[in-house]
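Asker:
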Amino acid sequence: MAAERFPIEASHIMMFARSIGDDNQIYYDEAYAKGTEPGTIIAPPTFAQASAQFDPDYFLRPKVDGKGWFGSGKNPTGAKPSGGGGGGGGGGLHAEQHFVYHRHLKPGDVLTATTKPGKTWEKESKRAGKLMFSESVTEYRDQNGELVITATGVGVRTERPVGS
Amino acid sequence: MALKASDLNVGDTYSETLVEDLKRTQIVQYAGASGDYNPLHTDEVFTTKVAGYPSVFAHGMLTMGMTGRMLTDYVGDGRLTKYGVRFTNQVWPGDTLTGTTTVESVENGIARFQVETKNQDGTTVLSGYAEARVD
Chain A
0 MAAERFPIEA SHIMMFARSI GDDNQIYYDE AYAKGTEPGT IIAPPTFAQA SAQFDPDYFL
60 RPKVDGKGWF GSGKNPTGAK PSGGGGGGGG GGLHAEQHFV YHRHLKPGDV LTATTKPGKT
120 WEKESKRAGK LMFSESVTEY RDQNGELVIT ATGVGVRTER PVGS
Chain B
0 MALKASDLNV GDTYSETLVE DLKRTQIVQY AGASGDYNPL HTDEVFTTKV AGYPSVFAHG
60 MLTMGMTGRM LTDYVGDGRL TKYGVRFTNQ VWPGDTLTGT TTVESVENGI ARFQVETKNQ
120 DGTTVLSGYA EARVD
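Taken in sequence, the protein lines are chains A and B. The first sequence begins at 0 in numbering that gives the first Met the number 0 and counts up by one. The second sequence begins at 0 in numbering that gives the first Met the number 0 and counts up by one.
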C-alpha cells in the first residue's frame, strides 16, 4: 500500500470500528476519548490497512468509471479470460500481517505510506498445491516525518482454490 | 483500564466472542471501510463461478480487526506495541469466532501474548502474537 497522503479522519475511524464490530467509544466519541489514557480518539490497531483508500493505484478498488473491474456484472466476471491459477481471483490471498506501533494514530494525523518488497519463498500444500509467498513492508510516517507504524504483509498465490 | 504487570501471570488467558453467525453484510461493511473491494469477499457470483470457492469469505484483515478488539479490550487503549498474525484458515459467512489471548511473558513493562482465533468447529483461523505496554 503506497499513499502520498493518508489523512486520519474521525468519521473514517468510526466506519472502520463499526465494520469490525468494535463499540469502544474511544473510536466514536471525542468527549469520551478525552477521559481515556490516550486523551483523544485513536484508530483501532489494524486501521493502517485502510490506507488502501488513499492508494491511487490500488487494484482491489473499481476504477471510477467501473471499466475493467473483474467482479461480476452481466457476466460472472468483467475480466478477460487469462491462464491464471485458481485462488488468484484477486491477486492471491493474505497469509500474514504484522504491525509494529511506535505510536497510535489519531484524527488530524496526515501520513505517508511507502512500500517496498520483502522476502519471497515457496511451500508445498496438500490443500492448495504450490504456494508462492511474497512479503511487502510498508512504513507509515506522520506529518513530522516520524515513523509511526511499520506494517509487514505476506501474500500468497495458490495453485488451486483453498475451499472447504 | 490498562493492565498491571503485577496482576499478570504467565499462562493467564482472556477470551471474547468476536462475532456470531458472521453476516455477508458485515464483510461488505469491512470492504467499504478498509477499501479492499476484492470480489472474493463480496461477490458470490464471481467467487463461486469464476474463482471456484464455495462462497464468498471474510477478509483476513476483518478477522484480524475483530481479534484486535479482543486484545484492546484486554490490554487497554493505545497500549499495543506489536500485533502480528497468520491467517490459517478461511472465515465464511455464518461462522462464529472466539478470540483468545494468553500471557507468554512479562518483562520490563512489556507483556507478550499469544493470540488465537477459532471458529465454531474449533478450527484455528488466525494465530499470532501481540505485545503491549503494561503498568
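Glycine is no exception: its CB is placed at the ideal position from the N, C-alpha and C atoms.
Can you check which of these residues, LEU110(A), LYS115(A), GLY154(A), is closest to LEU130(A) by C-alpha distance?
Answerer: Locating residue 130(A) in the first sequence gives position 131, counting from the first residue. With distances taken between Cα atoms, LEU130(A) lies closest to GLY154(A).
Asker: Give a yes or no on whether the C-beta atoms belonging to LEU156(B) and PRO92(B) are separated by under 8 Å.
Answerer: It is not possible to answer for residue 156(B), since the shown part of chain B is limited to 0 through 134.
Asker: Quick check on ALA16(A): does DSSP put it in helix, strand or coil?
Answerer: Within the first sequence, residue 16(A) is the residue found at index 17, counting from 1. It is helical.
Asker: Report yes if the C-beta distance between LYS48(B) and VAL133(B) is below 8 Å; otherwise report no.
Answerer: Residue mapping note: residue 48(B) aligns to position 49 of the second sequence, counting from 1. Residue mapping note: residue 133(B) aligns to position 134 of the second sequence, counting from 1. Cβ distance not < 8 Å, so LYS48(B) and VAL133(B) don't count as in contact.
Asker: In angstroms with no decimal places, state the Cα-to-Cα distance between TYR26(A) and THR41(B).
Answerer: Taking the first sequence and counting its residues from 1, one reaches residue 26(A) at position 27. Taking the second sequence and counting its residues from 1, one reaches residue 41(B) at position 42. Using only the alpha carbons, I get a separation of about 25 Å.
Asker: With a threshold of 8 Å between beta carbons, is MET14(A) in contact with chain B?
Answerer: Residue numbering aside, residue 14(A) sits at position 15 when the first sequence is read from its first letter. Closer than 8 Å: yes.
Asker: Under a three-way DSSP split, which group does LEU21(B) fall into?
Answerer: Along the second sequence, one-based indexing puts residue 21(B) at 22. Residue state, collapsed to three classes: coil.
Asker: For chain B, find out if any of its Cβ atoms is closer than 8 Å to the Cβ of GLN96(A); answer yes or no.
Answerer: Here residue 96(A) corresponds to residue number 97 of the first sequence, with the count starting at 1. GLN96(A) counts as touching chain B.
Asker: Ends of the beta strand (DSSP E) at LYS115(A)?
Answerer: Here residue 115(A) refers to the residue found at position 116 when the first sequence is read from its first residue. Run containing LYS115(A): 109 to 124, per the beta strand (DSSP E) assignment.
Asker: Against chain A, with Cβ distances strictly below 8 Å, would ASN157(B) count as a contact?
Answerer: Nothing in the structure corresponds to residue 157(B), since chain B is present only between 0 and 134.
Asker: Taking Cβ-Cβ distances below 7 Å as the criterion, which residues of the stretch 82 to 109 of chain B are in contact with chain E?
Answerer: Looking for chain E here will not work: the only protein chains present are A and B.
Asker: In chain order, what residues of the same chain lie with their CB nearer than 7 Å to the CB of HIS103(A), ignoring the 5 residues before and after it?
Answerer: Residue 103(A) sits at position 104 when you count from the first residue of the first sequence. For HIS103(A), where only same-chain residues beyond five positions count, the Cβ hits under 7 Å are PRO37, ILE41, ALA42.
Asker: Note down, in chain order, every chain B residue with its Cβ under 8 Å from the Cβ of GLY67(A).
Answerer: Mapped onto the first sequence, residue 67(A) falls at position 68. In chain order: nothing, as chain B lies at least about 13 Å away.
Asker: For ALA9(A), which residues from the same chain have a beta carbon less than 8 Å from its beta carbon, with the 5 sequence-adjacent residues on both sides left out?
Answerer: Here residue 9(A) corresponds to residue number 10 of the first sequence, with the count starting at 1. So the list reads GLU29, ILE40, PRO106, once near-sequence residues are dropped.
Asker: Counting Cβ pairs closer than 8 Å, one from the stretch 28 to 41 of chain B and one from the stretch 11 to 21 of chain A, do we hit at least three?
Answerer: Touching, yes, given that three or more Cβ pairs across the two stretches are closer than 8 Å.
Asker: Closest Cβ-Cβ distance between THR71(B) and chain A: below 8 Å?
Answerer: In the second sequence, the residue the question calls residue 71(B) occupies position 72. True, the Cβ-Cβ gap to chain A drops below 8 Å.
Asker: Using a C-beta to C-beta distance shorter than 7 Å, which residues of chain A count as neighbours of LYS48(B)?
Answerer: In the second sequence, the residue the question calls residue 48(B) occupies position 49. In chain order: PRO75.
Asker: Is it buried or exposed for VAL90(B), if we count other Cβ within 10 angstroms and need 16 for buried?
Answerer: For the purposes of this step, residue 90(B) is identified with residue 91 of the second sequence, where counting begins at 1. By the neighbour-count rule (16 or more Cβ atoms within 10 Å), VAL90(B) is buried.
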